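Visitor: In terms of the working numbering, the sequence shown opens at residue 61 and continues consecutively.
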Amino acid sequence: MSMPNPIGHVEFLARRELLLHRLRRLNEALVRWDEGEENAALPCELQREMAAPIVPRRTLEIARQGVMDGLLDWEEEWERRN
Numbered sequence: 061m062s063m064p065n066p067i068g069h070v071e072f073l074a075r076r077e078l079l080l081h082r083l084r085r086l087n088e089a090l091v092r093w094d095e096g097e098e099n100a101a102l103p104c105e106l107q108r109e110m111a112a113p114i115v116p117r118r119t120l121e122i123a124r125q126g127v128m129d130g131l132l133d134w135e136e137e138w139e140r141r142n
């Protein structure tokens, strides 16, 4: 993720916070996947009713890695410019 134009510190922090927010949301979705798998492993009488995941786990993992890579690239580019 390259920065085509120089940006200010406020814009850098805003974009960084957006990426961190997306990363948190992806992590929350993966936690729900884990909870669903743990729930499915319980005997039927102990299972809770849970909504089925909409997005496949592998897709979430790929998206999470992309956001992490983007965040690291963004921060490295900022460090080089400043």
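C-beta atoms are modelled at their ideal positions from N, C-alpha and C, and glycine is treated no differently. Quantities reported herein were computed from a predicted structural model and do not represent experimental measurements.
Is it right to say Leu-86 is buried, meaning 16 or more other beta carbons lie within 10 angstroms of its own, or is it exposed?
Guide: Working through the sequence shown from its first residue, we reach residue 86 at position 26. Counting Cβ neighbours within 10 Å, Leu-86 comes out buried, since at least 16 surround it.
Visitor: Tell me the rounded alpha-carbon separation between Val-127 and His-81.
Guide: Numbered from 1 along the sequence shown, position 67 holds the residue referred to as residue 127. Numbered from 1 along the sequence shown, position 21 holds the residue referred to as residue 81. For Val-127 and His-81, the distance between alpha carbons rounds to 10 Å.
Visitor: Excluding the 5 residues preceding and the 5 following Leu-79 in the sequence, name in chain order all residues of the same chain whose CB lies nearer than 8 Å to its CB.
Guide: In the sequence shown, residue 79 corresponds to position 19, counting from 1. Contacts found: Val-127, Gly-130, Leu-131 and Trp-134.
Visitor: What do you reckon, are the CB atoms on Arg-92 and Pro-113 nearer than 8 Å?
Guide: Taking the first residue of the sequence shown as position 1, residue 92 is located at position 32. Taking the first residue of the sequence shown as position 1, residue 113 is located at position 53. Against a cut-off of 8 Å, the Cβ pair of Pro-113 and Arg-92 comes out as a contact.
Visitor: Note down the Cα distance separating Thr-119 from Glu-137, rounded to an integer number of angstroms.
Guide: By one-based count along the sequence shown, residue 119 stands at place 59. By one-based count along the sequence shown, residue 137 stands at place 77. When rounded, the distance between both Cα atoms is 27 Å.
Visitor: Put Ile-122 into one of helix, strand or coil per three-state DSSP.
Guide: The count along the sequence shown starts at 1 and reaches residue 122 at position 62. Correct three-state label for Ile-122: helix.
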